[in-house]
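For what it's worth, my numbering labels the leading residue of the sequence shown as 7, then goes sequentially.
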Amino acid sequence: MCRKHLGPDRAPGGVSRLHSILKTMDQRGVGVAALEIGYNAGAECYEQDWLPSAKVAVDRLMELVELSPGQRVLDVGCGTGYTTRQAARAVGPAGLVEGVDIAEKMLDVARRRCGAEGLNNCRFVRGELLETMAACPAGTFDACTCTWVVGYVSVKALAEAAAHVLRKGGRLGICCNAAWSPKDILSVVMRMIARHPWIMRRTVNFPFPSTRRGIRKSLIKAGFSDPVIETGTFVMRYESGRHILDQFERSGEAEVYRQAIDPKHFDSLMAEFVERMEAEYLTPAGLPVSYEYFVIKADRS
Ligand SMILES: C[S@@+](CC[C@H](N)C(=O)[O-])C[C@H]1O[C@@H](n2cnc3c(N)ncnc32)[C@H](O)[C@@H]1O
Numbered sequence: 007m008c009r010k011h012l013g014p015d016r017a018p019g020g021v022s023r024l025h026s027i028l029k030t031m032d033q034r035g036v037g038v039a040a041l042e043i044g045y046n047a048g049a050e051c052y053e054q055d056w057l058p059s060a061k062v063a064v065d066r067l068m069e070l071v072e073l074s075p076g077q078r079v080l081d082v083g084c085g086t087g088y089t090t091r092q093a094a095r096a097v098g099p100a101g102l103v104e105g106v107d108i109a110e111k112m113l114d115v116a117r118r119r120c121g122a123e124g125l126n127n128c129r130f131v132r133g134e135l136l137e138t139m140a141a142c143p144a145g146t147f148d149a150c151t152c153t154w155v156v157g158y159v160s161v162k163a164l165a166e167a168a169a170h171v172l173r174k175g176g177r178l179g180i181c182c183n184a185a186w187s188p189k190d191i192l193s194v195v196m197r198m199i200a201r202h203p204w205i206m207r208r209t210v211n212f213p214f215p216s217t218r219r220g221i222r223k224s225l226i227k228a229g230f231s232d233p234v235i236e237t238g239t240f241v242m243r244y245e246s247g248r249h250i251l252d253q254f255e256r257s258g259e260a261e262v263y264r265q266a267i268d269p270k271h272f273d274s275l276m277a278e279f280v281e282r283m284e285a286e287y288l289t290p291a292g293l294p295v296s297y298e299y300f301v302i303k304a305d306r307s
């Protein structure tokens, strides 16, 4: 967080005061346990809230990864299984797709949807994805997909784990939010935190990637070649600031912020968020929010 992000109404006492407050915060951050609670709570709404717009990145990823019939695929952080189902159709009945996720309720939806679509070549396992990958025998899979999960784990950690589970020539496919996305929401949130830094009890450290160079470096270092790194944007149109907040409150990340923010200030902060988003971005046609993302493909050397 720097002067540029804080904008005109930054913390009383300036950036140096903000930094001194941030230093006193619990630096352990909020981890995978909060994500598990959050995604369990939001499982039934996840696909309808997020994927109608965000599936554009998954669909592009599937084109780049080019799965073939009979292949074995690992889909990590599979959630409700949108990507798992795409992979299952691509590898056909002779192939197999294994989905791993920390949130059992997301997996319940994934199993239900696979059943409804008659896909018998998917298996789902509950587990922390990096631990599950480390426990797999080396070179087990032809491809590994990870959609909308990087940010909760870093590209570096994921690439290292994927290098272990993939056979030589196996393919890694990732799509994820860019670190600065969604810019308008982050800009409002950063300025709110800058004005009231004492409301944060813990840090929220999501390692979303910010540059192609950084992504490329992590992939090559982990043992991948020929990375293809594309960027893209989609716009979600909300009716109001309240609509954004409602969707946020039933999302997997809501619990992370609930644990990080002092509960005494949570409701007033959310009300301020709605007010600021509407004041700055509401148009007669609603409130458009742009999401910028990376789509990444690389081959195991
Ligand atoms: C935004 S959803 C993405 C779901 C799915 N991949 C998709 O594209 O729709 C993120 C998922 O990652 C899971 N997740 C986050 N961190 C995880 C971890 N360390 N291990 C396993 N699952 C994790 C969450 O439970 C959630 O289901």
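Ideal Cβ positions, reconstructed from N, Cα and C, are used throughout, including at glycine.
Best match in the options for proximity to residue i [C-alpha to C-alpha]
i	options	result
Val82	Ala60, Thr138 and Glu50	Thr138
Glu281	Glu50, Ala40, Cys84 and Val195	Val195
Val262	Phe212, Lys162 and Thr239	Phe212
Lys227	Arg207, Phe130 and Ala168	Ala168
Asp232	Gly175, Ala141, Lys162 and Ala94	Gly175
Gly292	Arg129, Ala163 and Arg243	Arg243
Where residue i falls: helix, strand or coil (DSSP)
i	result
Ile180	strand
Glu123	coil
Pro203	helix
Asp268	coil
Ser322	The chain is shown from 7 up to 307; residue 322 falls before or after that span and cannot be answered.
Leu172	strand
Glu50	helix
Ile226	helix
Ala149	strand
Ala141	helix
Residue i beta carbon near ligand 1 (any heavy atom closer than 7 Å)
i	result
Tyr45	yes
Gly258	yes
Thr86	yes
Ile221	no
Met276	no
Met68	no
Asp107	yes
Met283	no
Val159	yes
Trp204	no
Glu255	no
Glu42	yes
Val38	yes
Cβ distance (whole Å) where residue i is taken to contact residue j below 8 Å
i	j	result
Phe254	Arg264	Going by Cβ atoms, the distance from Phe254 to Arg264 rounds to 11 Å, so no, they are not a contact pair.
Sequence-distant residues of its chain with Cβ nearer than 6 Å to residue i (five each side left out)
i	result
Thr89	Val64, Asp81, Thr151 and Thr153
Asp268	Ile205 and Arg207
Ala109	Glu42, Tyr45 and Asn46
His165	Correcting the residue type first, residue 165 is Ala in the shown sequence and not His. Within the same chain, Ala165 has close Cβ partners Ser224, Leu225 and Ala228.
Contacting residues, own chain, Cβ-Cβ under 7 Å from residue i (five flanking each side not counted)
i	result
Ala40	Glu261, Val262 and Gln265
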